[in-house]
Each structure stands twice: as structure tokens, then as C-alpha cells.
Amino acid sequence: REPRQRGLKAAPRWNPGRWHQAPHYEQAPLTKEEGETWNSMESAQVQGHLKAQDRLMRSCRSRDDVGTPNCEVTTKHPLDADVEEYYPGRTTIDATSKEPGNDYQIRPINLPDFHNPPHPNADMPSRMRRLREVLKQRYAGRPRLMGVFRNCALTKPGYAFPKDLQQVFDQMGIKVDEKECSLLVNAVDKEQKGAVTFDEFAELIFGQEVEVGGPPHQAQDRHVRHVTKTLVDGLIERGQMLGRAFCEVDPERRYAVSKAQFANAIGTASNHVSKQAVEFLWASQFPEERGDLDGKCIDWRDFMAQLAHFASGNRAATPICVQGRKRQYDLLQRTAPLTGGDPGEVDLCRPD
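When we follow UniProt numbering, the leftmost residue of the sequence shown carries the number 1, and every step to the right adds one.
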């Protein structure tokens with residue numbers, strides 16, 4: 001019986017699917033240096049510079065050149081800054097929601113410039129803003145944030161110090177400095193104690209107005225604004241009762257009320273208003289004056305006008321279902337840098 005003719009078999013050392021690689025018997029073994037991310041291309045004997053990409057997927061000559069875009073050039077990158085205002089009053093059309101939110105729908109995270117310790121001249125606030133985005137994406141949509149905070153509070157229970165955050169980031173493979181972690185702590189530390197409690201940690205994760213790298217008193221001012229907004233929202237909700245109460249304490253319509261009459265009207269219109277809240281509202285009517293303010297009088301019509309102005313400036317965000325064509329055109333202008341400056345042909349039925 002004649003032997004069957006076999007097909008052509010390539011040599012076992014030659015794999016057509018791996019034509020771009022050197023044969024296995026010529027490759028050096030895979031190595032991993034301390035502090036470096038695992039990269040199998042290190043042993044492929046590549047000559048010259050290794051190309052890399054930053055977080056905006058732009059090519060760099062080497063991995064060491066991967067940095068924050070804000071510290072590379074002095075000009076503003078279109079993805080890092082908003083488009084210049086192209087018609088006046090654009091920001092007053094839609095109010096920004098200040099409710100706590102999360103980015104749990106956004107999953108891809110690429111931090112190629114955090115695998116090495118930070119450069120001495122790196123832009124620390126910009127790096128920490130990106131790292132806060134990562135924390136928001138990682139923990140905002142996860143239940144039991146208290147368990148995450150307990151894992152971060154390593155030195156003292158109930159408090160997370162910058163060195164604790166640095167150790168947690170190091171376990172995540174993110175190389176940061178303790179000074180950079182202190183920027184995250186100072187952004188939400190209301191009492192200047194050098195650590196964060198659980199409430200402040202939750203504000204760091206969910207807060208909409210947290211600014212990393214801002215002035216040290218910003219966290220306390222944000223807390224005062226939150227308490228003030230809660231108080232004023234209660235007065236705005238009972239605006240009709242408040243106006244009726246002012247009319248009752250001022251039957252002759254002289255529109256000038258003393259502090260006792262002011263406290264009486266506020267207490268009549270709303271429930272459970274503390275003495276400190278009345279003192280705060282009364283002192284806010286005299287921002288430039290110091291000393292005893294008990295003998296002063298105010299025009300309660302101005303106070304009601306302040307409440308109306310506050311309600312207009314802090315109104316709720318416009319629902320997406322009732323936003324007009326101008327809002328759609330505004331959205332196209334905001335996203336123009338993502339499309340290379342060409343939004344495409346979109347019929348908005350706008351007059352020429």
C-alpha cells in the first residue's frame with residue numbers, strides 16, 4: 001500500500017501568526033523590574049525609544065514622557081477647557097445640578113503616567129483632579145461606601161490621613177506623593193484637622209463642587225453654603241406664609257422691621273428655625289458693618305427680593321424633554337472639539 005501524501009508542514013520553530021516576533025529560542029526571558037508595570041515588550045529587544053500614549057491617546061516618544069496635558073504645554077487643550085462663550089448669557093439658560101452624583105457608567109480607566117513616581121515639577125492639582133475622577137468612577141456606584149472608608153482609615157479608626165490614602169493608592173498600582181494626597185484631604189477638610197471623616201470622604205466621592213487644589217477655607221465655605229441653601233430653600237418653600245407674616249408684624253406698611261419682628265416673622269413662617277439661623281440671616285443683611293446689630297432695622301421687601309433672586313439663580317436643572325433647539329445647538333458647540341471642530345450637518349430649523 002502506498003503511503004498517503006502529507007501536506008506541507010512548517011518547521012515547529014516558525015509560526016506564521018507570529019511573524020513579527022523573534023523565535024522563542026532567541027528571546028530573552030520575561031523580566032519585571034521593581035516599580036515598573038509589566039510590559040512583555042521590554043524583552044523583545046526593541047531598539048530606540050518605546051512609544052507610549054497619554055490619557056488622551058496621543059503618541060509620546062517614551063513612557064517617561066507620558067504626563068498630564070496641562071503641564072506639557074501652556075495653551076489650553078480643547079478637552080481640558082470649555083469652549084469660549086459664543087453668545088452672552090449661555091450659562092444662565094440651564095442651571096447646573098448640585099445634587100450628589102456618580103460616574104458609575106464610565107468604566108475605562110487609563111493612567112499610564114501614574115505607574116512611576118511623580119515628576120518633581122509635575123502639576124499636582126491637575127494629577128489629583130484626574131485621580132479623584134478615578135475614585136468617583138470606582139466607588140460612586142458601589143454599595144457600602146463605609147466599608148471602603150474603613151479600609152482607607154489605616155492609622156486611626158474614623159479618620160483617613162494622606163499617608164493612608166498614599167498606601168491605598170500604592171496597593172492599587174498608582175504612584176503618588178503624600179503631598180498630592182494632602183490636596184485631596186484639604187479639598188474636603190472642613191475643620192483643617194489634616195484628615196477626613198466619613199462624611200467628608202463621601203463628599204470627596206459624590207460632591208459636585210469639590211475643587212482639588214483650591215484655597216484651604218473652601219471646604220468650610222462650601223459647608224456654610226450648603227447649610228444656608230437648606231435654610232433659604234425652606235423659606236422659599238413657605239414664601240407665601242413668610243410674606244403674610246411680615247404683613248402681620250408690619251400692619252402700617254412702613255416696611256421697616258426690627259430684629260424682634262424679623263425673628264417673629266421667620267418663626268411664624270417656618271418650623272424649627274434655631275436662634276443661630278435667625279442671627280445668621282440678620283447679620284447677612286449688614287455685610288459691611290461690625291458690632292451690635294440688634295438696634296438696626298431692615299426693609300423686609302428687600303429680604304423677600306433676595307429670596308426671589310436666590311430662587312431664580314438656584315433653580316432646578318431643565319428637564320431634557322423640554323429643552324429647546326438652542327440647547328441642542330449649545331450641546332453641539334460644546335462637543336465640537338471631540339469631532340475635530342466639525343459638528344456635521346444637523347438640521348436644527350434655525351433661521352439664518
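Even glycine gets a Cβ: it sits at the ideal position worked out from N, Cα and C.
query, result
"Got a sec? Which residues, its chain only, sit under 7 Å from Glu72 by beta carbon, not counting five neighbours each side?", "Caution is warranted here: a pLDDT of 46 is assigned to Glu72, below 50, making its placement in the model unreliable, and the coordinate value is therefore given only provisionally. Same-chain partners within the cutoff: there are none."
"According to DSSP, is Asp299 part of a helix, a strand, or is it coil?", "strand"
"Using beta-carbon positions only, say whether Pro125 and Lys175 come within less than 8 Å of one another.", "no"
"Which ranges would you report for the alpha helix (DSSP H) in the UniProt domain \"EF-hand\" (176-211) if only whole runs of at least 4 residues count?", "178-188 and 198-206"
"Between the region 288-306 and the region 268-278, can you find at least three pairs of beta-carbon atoms closer than 8 Å?", "no"
"Can you list, in chain order, the residues of its chain with a C-beta nearer than 6 Å to that of Gln45? Leave out the 5 residues immediately preceding and following it.", "For Gln45, the predicted model reports a pLDDT of 49, less than 50, meaning its position is unreliable; a value from the coordinates is still stated below. Nothing listed; no residue qualifies."
"Can Tyr139 and Ala195 be called in contact, C-beta distance under 8 Å?", "no"
"Can you look up Tyr159 in the DSSP assignment and give me helix, strand or coil?", "strand"
"What separation, rounded to the nearest whole angstrom, lies between the Cα atoms of Ile266 and Gly213?", "38 Å"
"State yes or no: is the C-beta of Leu145 within less than 8 Å of the C-beta of Ile205?", "yes"
"Just to confirm the assignment, what range does the alpha helix (DSSP H) spanning Asn264 have?", "Lys259 to Ala269"
"Nearest-angstrom Cα distance between Arg334 and Arg327?", "11 Å"
"With Arg132 as the anchor, note down where its alpha helix (DSSP H) starts and where it stops.", "Met124 to Tyr139"
"Under 6 Å Cβ to Cβ from His119, same chain only, skipping five residues before and after it: list those, please.", "none"
"With three or more beta-carbon pairs closer than 8 Å as the criterion, would you say the region 238-250 touches the region 277-293?", "no"
"Pro162 and Cys181 - do their beta-carbons sit closer together than 8 Å?", "yes"
"In the DSSP assignment, what are the bridge partners of Ala256?", "Asp299"
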